[in-house]
Amino acid sequence: MQVARNFLQKLSLFLKGLAMGAANKVPGVSGGTVSFVFGFYEELIYSFRKINLKAFKLLINGRFKSFYKYVNGQFLFLIMGGSIFSYFSISLVLDYFLINFELYVWSWFFGMIIGSIYYIGKDFGEWNFKNFLSLIIGASIGIGISFLTPATENDNLWFVFVCGIIGVSGMTLPGLSGSFILILLGNYVLLLVDSVNALSSVITSLLRGDIKVLSDPIKIRYLKIISVFTIGSVFGLVSISHILGYVLKRWHQIVNAIIIGFITGSLGIVWPWKKTIYALEDGVFLLDQKGNKIVENYQRFIPDFSNPETWIALFWIGIGIALILVIDFYGRKKK
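According to the numbering used here, the stretch in the sequence shown is residues 2 to 336, in order.
In structure tokens form, the structure reads like this:
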């Protein structure tokens, strides 16, 4: 699946990586859905599958060019480079809008996911009994996950490693939000906020020539946590991709039907009109180790249509749908 690309195609791939990275950080939004919609999902799975024993042998033997070509290195470098860069750039902008314009951002995401369901399903083909059953199974799993109750924070390194495996699944499984799963596991703030911020702070300090930061026990703790999380994520990417590559090759339509169902079922996760419910004990908010209120669940509600904000939110849902339709139109025109 090696593809020769010109400069604009490489830039486009990097920008798609930015979009996938930003999506991976937002609870409820799946980076895998982004890769599916932008048309590089199967190449992503193929490339991760090439990280195997043969690849490591090439690397150990110093055959770096062969290794780079074997693992589809150009593609992985651009996509993963964009995703990583996004964590320290686009994601920060996204965080700002989520804090200040939460309803409208979720509405935009909701619209894009509705558009994605159309985009993925339009060329599906025949809907026989097996495919329809797979759709229902996928939708049921998505609905079930959206109503689970979040756990409390746990910084045990073995658990952090497992979080890495599960959290990265959103990059390879369209419809599944790795960030939302991390919220359910209780470690979203620890792994994707506190640890990322600590890493950014350490890098900034080292670039200024301040090596004292490496003797800060709190910073070192976060560096250990994000290192273990990264190792777990890499392990998860490779292992899940091998499984997905196997099933996609043998049951392509069934897997796609499950994915469409899962994305549809998980719409509840990104429902824009929801209220955060915090855990209480004797009328007092329960706090985690850092003093933050512990999320117990989310209460979804039907919006008030007499409120102008509701109509603005509906407008942003329309913008989200329109964006996917434009991408679809552009893709068809290009073909």
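All C-beta atoms, glycine included, are put in the ideal place defined by N, C-alpha and C.
Annotation: the continuous beta strand (DSSP E) that includes T277 extends over K275 to Y279. Between the alpha carbons of V203 and T231 lies a gap of roughly 17 Å.
In the DSSP assignment, R50 falls within the unbroken alpha helix (DSSP H) covering Y42 to R50. Between S178 and S31, the C-beta gap is smaller than 8 Å, which places the two residues in contact. Taking 8 Å as the upper bound for CB-CB distance, K275 and Y299 are in contact here, some 5 Å apart. DSSP lists E282 as the beta-bridge partner residues of V285.
Rounded to the nearest angstrom, the gap between the Cα atoms of L183 and L192 is 8 Å. Judged by DSSP secondary structure, F148 falls outside any alpha helix (DSSP H); it is assigned neither H nor E. Comparing alpha-carbon positions, the option among F15, F306, K26 and F37 lying closest to Q75 turns out to be F15. Distance from Y71 to I313 at the Cβ level is roughly 50 Å; contact not present, criterion being Cβ atoms closer than 8 Å. Residue burial is scored here from C-beta neighbours: P218 has fewer than 16 other C-beta atoms within 10 angstroms and is therefore classed as exposed.
Leaving aside the five residues that flank T34 on each side, the residues in its chain whose CB is nearer than 8 Å to its CB run, in chain order, A24, I114, S117, P175, G176 and I264.
For S180, the uninterrupted alpha helix (DSSP H) segment begins and ends at G179 to L185. DSSP places K123 in the coil class of the three-state scheme, outside both helix and strand.
Bounds of the alpha helix (DSSP H) holding L158 are L158 to G168. A contact is defined here as three or more CB-CB pairs under 8 Å, and the stretch 53-71 fails this definition with respect to the stretch 128-141.
Inter-segment contact for the stretch 95-112 and the stretch 305-323 is present: three or more beta-carbon pairs are separated by less than 8 Å.
In chain order, V229 place their CB closer than 6 Å to the CB of L158, counting only its own chain and leaving out the 5 sequence neighbours on each side. The Cβ atoms of V194 and S206 do not sit closer than 8 Å to each other.
The straight-line gap separating the alpha-carbon atoms of F68 and T277 is approximately 47 Å. For the pair F316 and G112, the Cα-to-Cα distance works out to about 9 Å. When C-alpha distances from V163 are compared across G266, P304, D283 and V235, the shortest belongs to V235. V271 sits buried, since 16 or more C-beta atoms from the chains shown fall within 10 Å of its C-beta. Where N25 is concerned, the enclosing alpha helix (DSSP H) starts and stops at F8 to K26.
Contact between G266 and I144 is confirmed by a C-beta separation of about 4 Å, below the 8 Å threshold. Within the stretch 187-226, the complete alpha helix (DSSP H) runs of at least 4 residues fall at 196-208. With respect to V327, G233 sits apart: the two C-beta atoms are not nearer than 8 Å.
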